[in-house]
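Visitor: The structure under discussion is supplied below as structure tokens; questions concerning it will follow.
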Amino acid sequence: MKLATIPISSRLAIAFALAMSIVLIGTSTFVYYLQRTSSDAAISANLLQRRQDAVTLVRAAPNGMPTDRALSTGDVAPAQVLDATTGKVLASASVKSARQLVPPITTRATSVEARAVELDRDLKSRGGTKTRVLYGAVPDHPDRVVAVATSLASRHESLESLVKQLLVGAVIALLLGTTLAYWLAHQALRPVERLRRGVQHLAERDEGELLTVPPGSDEIVRLARTMNELLRHRHEWLARERGFVADAGHELRTPLALMSTEIELALENTQTVAEHERVLESLAEETDRLARLANNLLLGASLSDRSRGTAAPPVVLHDLVARIMPRVGITHPDRRLVNDVPADLLVAADIDLVERLVTNLVDNAVQHGAGTVRCSATASNGSITICVSDEGGGFPEAFVERAFDRFSRADDSRSGRGAGLGLAIVRSITATLHGTCGISQTQGETVIWCRLPK
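Shown next as structure tokens:
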């Protein structure tokens, strides 16, 4: 099973369980060794005190040979007094008969300094366990070795019980912790799942509704706001697409209907040659209009890809305008076109987009304006403002706000010249170049301007 297919809450619970297992193992190991060290220290201190008491008895006894009864008194036993040379047991208390706490070979090499050793032998006749023995020679009687011992059975039982308790506690803590982690992760992700279902529901309905944003400023709230922004952009895009399709269909339907009518009339045998020529001229005009409309639509669709292109070399704006004006003015020889762009002004942008931008501005002024068409440009504060003005009556005030919309025309009819895409393409190109555009009107002059980054 791939990790990506496991729910996030389960993945978080598994990760928490692994981390908690490491912590529990480390903590349990630390507690175990701490308890074992503490127990060993207590046993060693007890043996040292008992050996000191036994040494006192040996030094007080005649010839350094205390009786078994003397060793059995107090807290000395289990203990033995051995001959350092032969290893013979001279006195013994609470030790299984015929059993030496320390082997003879060990007693011969014993110094006054006490030593500890763990032996696998019984102190008494009952079950065998390890025994810890502390032995050493008596300072005033170097031929005497005193050994005291204690069984490690209780220590082992205590440590085994501790291990069982730690194991059971760790398992219970791990299960409870993992369950709690899963529940917390599930609770934390519930708002995300609600947002997902809400987005899915709103996307299916597509009625322009938005998610309900809960109060606060945590990650869930920020996610909800971001999703609402995406939904808002989606609704706007869908609305523009529907309007675009409807307007494009209407724009295409008109010339196609005219062409169909003209062709039907041309097929009638009663028409003269002159009438056929007129029909062909009309068809050519409508075909040209359809071609321009299709080209404009394709340009608008390709602008988003052009915006992701690489940095463009600087464009000499004056030379570009000088090439455009004669090309646009050839169809309107009666109009005066003036290039007032400074010769040294540069703009760092895609030359094709800038050329189409200026062409549409000049063409719009020539077709729909009056008088002299003037193109100028100024640079300030890291931007370049391109202005195209004419001396016509300008736009109606109610039309200015939608002048840059697709298929919008001042006369609100579909019979005028153009398809209403020129200024829409200007706005799209300006947005692609990260600029802004607008319209300024004064008495006797209309200016359409575009401000682009320098």
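Read in order, the letters of the sequence shown are residues 1 to 454 in this note's numbering.
C-beta atoms are modelled at their ideal positions from N, C-alpha and C, and glycine is treated no differently.
1) Scan the segment 329-400 and note each continuous alpha helix (DSSP H) run of 4 residues or more that stays entirely inside, going in chain order.
2) Using DSSP with H/G/I as helix, E/B as strand and the rest coil, what is residue 186?
3) Sorted by chain position, which residues of the same chain lie with C-beta nearer than 8 Å to residue 436's C-beta, five sequence neighbours on each side aside?
4) Roughly how far, in whole angstroms, is the beta-carbon of residue 166 from the beta-carbon of residue 28, given that I think they are within contact range, below 8 Å?
5) Indicate whether residue 148 and residue 69 have their beta-carbon atoms separated by less than 7 Å.
6) Locate the beta strand (DSSP E) running through residue 143, then write down its first and last residues.
7) Using C-beta distances below 7 Å, list every residue in its chain close to residue 340, excluding the 5 sequence neighbours before and after it, in chain order.
8) For residue 443, which three-state DSSP category applies?
9) Count the other CB atoms within 10 Å of the CB of residue 200; is the residue buried (16 or more) or exposed (fewer)?
10) For residue 312, tell me which candidate among 291, 347 and 133 has the shortest Cα-Cα distance.
11) Distance check for residue 290 and residue 272, CA to CA, integer angstroms please.
12) Start and end of the beta strand (DSSP E) containing residue 18?
13) Just list the residues that DSSP pairs residue 82 with in beta bridges.
14) How long is the line joining the alpha carbons of residue 125 and residue 94, rounded to whole angstroms?
15) Nearest CA to the CA of residue 358: which residue from 321, 37 and 85?
16) Taking 7 Å as the threshold (C-beta atoms), are residue 182 and residue 489 in contact?
17) Below 8 Å, how does it come out for the segment 232-240 and the segment 255-267: are there three or more Cβ pairs, yes or no?
18) Cβ of residue 162 within 7 Å of Cβ of residue 35?
19) With residue 145 and residue 79 assumed to form a contact (beta carbons below 8 Å), what rounded beta-carbon distance in angstroms separates them?
20) Assign residue 369 to buried or exposed, taking buried as 16 or more other Cβ atoms, counted over all protein chains shown, within 10 Å of its Cβ.
21) How many angstroms separate the CA atom of residue 11 from the CA atom of residue 434?
22) Can you list, in chain order, the residues of its chain whose CB lies under 8 Å from that of residue 383, leaving out five sequence neighbours each side?
23) Using 10 angstroms around the beta-carbon of residue 100, count the other beta-carbons present and answer buried if the total reaches 16, otherwise exposed.
24) Can you give the beta carbon distance from residue 343 to residue 315, rounded, assuming they're within the 8 Å contact cut?
25) At which residues does the beta strand (DSSP E) containing residue 67 begin and terminate?
26) In angstroms, rounded to a whole number, what distance separates the CA positions of residue 286 and residue 257?
27) Name, in chain order, the residues that DSSP records as bridge partners for residue 448.
Guide: Let me spell this out:
1) 351-368 and 397-400
2) helix
3) If we look at residue 436 and ignore the five residues flanking it on each side, its Cβ neighbours are 430, 450 and 451.
4) 4 Å
5) no
6) 141-151
7) 374, 375 and 376
8) coil
9) exposed
10) 347
11) 27 Å
12) First-last for residue 18: 8-60, but that is the alpha helix (DSSP H), not the beta strand (DSSP E).
13) DSSP output for residue 82 lists 89 and 145 as bridge partner(s).
14) Any reading at residue 125 is ruled out, since the residue's pLDDT is 44, under 50, leaving its predicted position unreliable.
15) It is 321 whose Cα lies nearest to the Cα of residue 358.
16) In the structure displayed, the chain extends from 1 to 454; residue 489 sits before or after that span and is not available.
17) no
18) yes
19) That pair is no contact at about 11 Å.
20) So residue 369 counts as buried.
21) One Cα belongs to residue 11, the other to residue 434, and the distance between them is close to 43 Å.
22) 435, 451, 452, 453 and 454
23) So residue 100 ends up on the buried side.
24) No, residue 343 and residue 315 are not in contact; Cβ-Cβ is about 13 Å, not under 8 Å.
25) For residue 67, there is no enclosing beta strand (DSSP E), since its DSSP letter is neither H nor E.
26) Roughly 10 Å separates the two Cα atoms.
27) 388 and 439
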